[in-house]
Each structure stands twice: as structure tokens, then as C-alpha cells.
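Colleague: Here it is, the structure in full.
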DNA sequence: GTAATAGTGTCTGTCAGACAGTATGTG
DNA sequence: CACATACTGTCTGACAGACACTATTAC
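Protein chains in written order, with the numbering used here: chain A, 748 to 972; chain B, 748 to 972.
Okay, here's the thing in C-alpha cells:
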């Protein structure tokens, strides 16, 4: 078997959140060439000595660049070709993370590099490399999974109410859902547990708080929403 | 940004088919170290000069090793860590292909290397690297997609009958399906077209032949089977 | 009491699965 | 004709969505 030169490989992470009712991505401004000063996905190289595997490398990069330990991360897709990077044939392992909108607010200032949330909807910012395509793939993955999984629950803080959760689904799907049917689905899926005794106070009937049950991965509903 | 040594990357292809009512994988016996003489997935290196992108590289490798142009191939998942290859930290872009059981029979003898179909069920052969895990991931992907996609149609030759297709679904799902309901689903999904005039002859009522409509990708049913 | 939102009960049209019945070929 | 398998029609129970009703808090 002949030895071919291995292409340069990187890891990039698409971090999505829901802010002000809109889906947003976390972007960083690049310092170095190529694409210096362009906005790009947080990413980096694999460190063979430190990283046990690809997932660990993705988690390390995310933590180093943003200070976030995300509650949900999955491998999105690999992208590789001769055009995406002017330095030659490269490939990237793209990851896909969801976080609660308020999880990053405090940490953001701590990092020296320029970091910002960008709206998915509307005028697309021009991104470095093929990152626009990677973001599009992540959004499309999220949108398709919303219909039949519990994934959007990771866009909320650890404790939340059922009306909160329903709003998240509605914002991503872009349509209203029936309250009764929605609650039936969530109850059947059995991935939530009430936080005993706790209620969210309000000047009306307060809502029960829930959290995702321990050890529950993403739940696939047997019917679509 | 410091330059880290890029890990060695490869591409491996899990080719699945249905033979004798069983799901089977295509394996090849390795010639070179590491894992010389072990059974492994067909795979190879990226050739930056030849391969436009990852998908093209996977197609080239598949064609070179087996003579197959598969009708269906998708990226499965990337696997990378420090243990899977004794040479050090490596990663592989795993692909997932489905072919009709009779598509390879003739070509197989043409290739000098030892190639064979192995049953998924029963005693698992010990595979080189982490290929057992990759095969398991591919099978699990197929099984989960069978429930709500038209994917299994690619396990059949270009022309087939609805009873053929139903048998494929039943074999993978491991349970009987209602004929009437099954045909309703396929009709709704509208990804098949009758081959005009052609019927499969038999000593009973012959079945209508169908083929997958041009330009139809994998169809997601709106309900589970 | 009113206002506001949380949470539940009920009713109805639709539809999936079960199954029986019809169609079309061979010999 | 019998037989085998392809294909279709019908009936029924279950259930999703619509929507109305009740519950619980603050003021």
C-alpha cells in the first residue's frame, strides 16, 4: 500500500442557540491567514497527545475557544476537498452543538478573541473557508430533527417549564403547536422529570419546572409533531 | 496558530447487501501490515490530485477495489482515535453503500485480492482496526432508516416488484408487514414508477415491475412502517 | 372579584392495520 | 377447471388535533 500524503485535517464546531426568538450561530473572527479578519466557526487542530478521540478533540476545542461545556454535541459531517482552503486539499470534521442562550453571556468577555452570535435568518455574513455550507448543514440537521426528537430541549437551561419547551419547538418549526397534543407527546416520550416542588413564580398560575432525565439520550418520537 | 502534525486519514466503505435472506457485508483480506491477512473493510487513502472531494474519493476507492458503481452511498461517520491503528493517531471517513446482491457476483473473480461476503448475524469475524465497530454503526444506521425511508429499495436490482420490495423491508425489520398498508405507503411516497407494460412472469398472476423514479433521493415517510 | 397563564378533558374526523374479497396468470 | 400469487376494497378501533373547560397564582 503506497503512502500518500495525508490531507490537513481540522475540527470545526457549529454552536447554535436561540436568542431573542431567533436561531443564532457562534462565530469568531480569525486572526491568522488564510482568511485573516474573516468570521469563521470556532475550530482547531487535533492534538494527538491530548485528545483520546475525535469527540474529545471537539470538546477540548470548544472549551478552549469559548469556555463552554455544551450539554449536547454530535458529529455533524466531514467536509473535504481541494477548494475549501487555499493551502490545498483539506478536510474538516464538523461538529454540531446546542447550548442555552444564557450559558455563554458571562464567559464571552473573558476570551481575548472577538466572538459573536450571528443570526441565521436574513443577510448571511460571508464566512471563511466553506463554513457557510457547514452552518447550513447544521441548521438543516437541527430543523429536520426537531420534528421527531427531543433535541431542542438542549437549547434551554437545565430547568425549564413545558410552555418554555413548547415555545422553543414553535420558534424552530415556525408554526404554532397545540398545547394539549404537545404535552401528550412529551409525556409519552418520558425524557423529562418534574423538579420536585419547584414552580416558576408569576402573577398567574406558576408552571411546573422540569429537567431532562439523567442518562436519556436524544429521544425519537414515534410520530411527527 | 501552531501547526500540529495532521493525523493519518483514510476512507473505508461498508458495503451492505441482502443475500440468502440475510444482511451481509463485503470484506477484503488485507495484504500488508498492520493486520496483514486479517479481514477488513475495503478502504484506501485520499489522492488529492485525483479526488475532487471526499465523496469522489470514496467512489474511486469502491470502484478500484470492487468494480462496483453503487447506486447508493452516503457518508456514515468519522472515526478517529489513538488506539485504532498501531501506527498512531489515525482517523477514517467511513462511508455506507447499499447494492443489489447480484451486482457483484460477476466482478468478484476479476479482482486479484480475496473478497467475500460475510453474514452480519451470528459469529462475528474478527476484523482489522476498529472495523467491527464501523460495521456495527452502518448496520444500526440502516436498521433505523428502514423504518421511515425508502432506502432499502437500493438493495434490489434496478427493476423489481412490490412483493420483492416488501420482502426486503420484512427481512431487515424482522417482522411481517401488512400487504395493503405497505402498498399504500409506497404509493404515497411516490418514489417508484411502474415499468410500462412489463410484468414478472410466473405460474400465477404476474407482478408489476417498478423502478425508482429518476432524481428521487431517499424518501422519508411521514409515518413509521 | 379580574386577569393571566398553566394544565386537563372531551369530542370528532381521519387513518392505519386487519382481513376478506377480486384479478390474472399457468397448466 | 384448480391453484397460486397479485392486487384492492371495506370495516373498525385508535388516536391526533381542535377547542373548551378547570386550576392556581397575583393584585
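Beta carbons: idealized from backbone N, C-alpha and C, even for Gly.
Expressed to the nearest angstrom, what Euclidean distance is found between the alpha-carbon atoms of residue 851 of chain B and residue 815 of chain B?
Modeller: Translated into positions along the second chain, residue 851 of chain B becomes position 104. Translated into positions along the second chain, residue 815 of chain B becomes position 68. Those two C-alpha atoms are separated by around 7 Å.
Colleague: What does residue 824 of chain A touch in chain B if you count any residue whose Cβ is under 8 Å from its own?
Modeller: The residue labelled residue 824 of chain A in the question sits at position 77 within the first chain. Correct list: 822.
Colleague: Mapping the DSSP letters down to three states, classify residue 856 of chain B as helix, strand or coil.
Modeller: By 1-based counting over the second chain, the position of residue 856 of chain B is 109. Low per-residue confidence applies at residue 856 of chain B: pLDDT is 48, beneath 50, and the placement is therefore not dependable, though the value from the model is reported in the following sentence. DSSP places residue 856 of chain B in coil when its eight states are reduced to three.
Colleague: Where do the ends of the alpha helix (DSSP H) carrying residue 806 of chain A lie?
Modeller: Here residue 806 of chain A is taken as the residue at index 59 of the first chain, counted from 1. Start and end: 801-813.
Colleague: CB-CB under 7 Å to residue 973 of chain A, same chain, minus the five flanking residues each way: which ones, in chain order?
Modeller: Since the displayed chain A opens at 748 and closes at 972, residue 973 of chain A lies outside it and no answer follows.
Colleague: So which residues of chain B does residue 959 of chain A contact, with C-beta pairs closer than 9 Å?
Modeller: Translated into the one-based positions of the first chain, residue 959 of chain A becomes position 212. Here the premise fails: no neighbours, minimum Cβ distance about 21 Å.
Colleague: Take residue 802 of chain A and list the residues in its own chain whose beta-carbon comes closer than 6 Å to its own, dropping the five residues that flank it on each side.
Modeller: For the purposes of this step, residue 802 of chain A is taken as residue 55 along the first chain, with counting starting at 1. Nothing meets the Cβ criterion.
Colleague: Determine the chain B residues that contact residue 938 of chain A at a beta-carbon separation under 8 Å, and present them in chain order.
Modeller: What you label residue 938 of chain A is simply residue 191 of the first chain in a count that begins at 1. What residue 938 of chain A touches in chain B: nothing, since even the nearest Cβ is about 18 Å away.
Colleague: Note down, one range per segment and in chain order, each alpha helix (DSSP H) of at least 4 residues found wholly within the region 851-914 of chain B.
Modeller: DSSP runs (the alpha helix (DSSP H)) wholly in the region 851-914 of chain B: 852-855 and 878-893.
Colleague: Below 8 Å between beta carbons is the criterion; list the residues of the region 824-839 of chain A that meet it against any residue of chain B, in chain order.
Modeller: Listed by position, the residues of the region 824-839 of chain A near chain B (Cβ gap below 8 Å) are 824, 825, 826, 827, 828, 829, 835, 836 and 838.
Colleague: Pairing CB atoms from the region 820-840 of chain A with CB atoms from the region 794-801 of chain B, are three or more of them under 8 Å?
Modeller: They touch, by the three-pair rule.
Colleague: Please report the straight-line C-alpha distance between residue 820 of chain B and residue 813 of chain B, rounded to a whole angstrom.
Modeller: Translated into positions along the second chain, residue 820 of chain B becomes position 73. Translated into positions along the second chain, residue 813 of chain B becomes position 66. So the alpha carbons of these two residues sit roughly 14 Å apart.
Colleague: Which residues in chain B sit within 8 Å of residue 753 of chain A, going by Cβ to Cβ distance?
Modeller: As a first step, residue 753 of chain A is located in the first chain; it is residue number 6 there, counting from the start. Those are 753, 754, 755, 756, 792 and 793, listed as they occur along chain B.
Colleague: Buried or exposed, going by whether 16 or more other CB atoms sit within 10 Å of the CB of residue 810 of chain A?
Modeller: For the purposes of this step, residue 810 of chain A is taken as residue 63 along the first chain, with counting starting at 1. Exposed, because fewer than 16 other Cβ atoms sit within 10 Å of the Cβ of residue 810 of chain A.
Colleague: Using a Cβ cut-off of 9 Å, pull out every chain A residue sitting near residue 801 of chain B, in sequence order please.
Modeller: As a position in the second chain, residue 801 of chain B is number 54, starting the count at 1. By Cβ distance, chain A contributes 825, 826, 827, 828 and 838.
Colleague: Is it true that the CB of residue 769 of chain B sits closer than 7 Å to the CB of residue 864 of chain B?
Modeller: Translated into positions along the second chain, residue 864 of chain B becomes position 117. Translated into positions along the second chain, residue 769 of chain B becomes position 22. No, Cβ-Cβ distance for residue 864 of chain B and residue 769 of chain B is not below 7 Å.
Colleague: Measure the alpha-carbon distance for residue 872 of chain B versus residue 778 of chain A and round it to whole angstroms.
Modeller: Your numbering for residue 872 of chain B matches position 125 in the second chain. Your numbering for residue 778 of chain A matches position 31 in the first chain. So the alpha carbons of these two residues sit roughly 50 Å apart.
Colleague: Can you list the residues of chain A that residue 971 of chain B reaches, using a CB-CB cut of under 9 Å?
Modeller: For the purposes of this step, residue 971 of chain B is identified with residue 224 of the second chain, where counting begins at 1. Correct list: 969 and 970.
Colleague: I believe residue 909 of chain B touches residue 933 of chain B by the beta-carbon criterion, under 8 Å. Please report the beta-carbon distance rounded to the nearest angstrom.
Modeller: Taking the second chain and counting its residues from 1, one reaches residue 909 of chain B at position 162. Taking the second chain and counting its residues from 1, one reaches residue 933 of chain B at position 186. Confirmed, Cβ separation roughly 7 Å.
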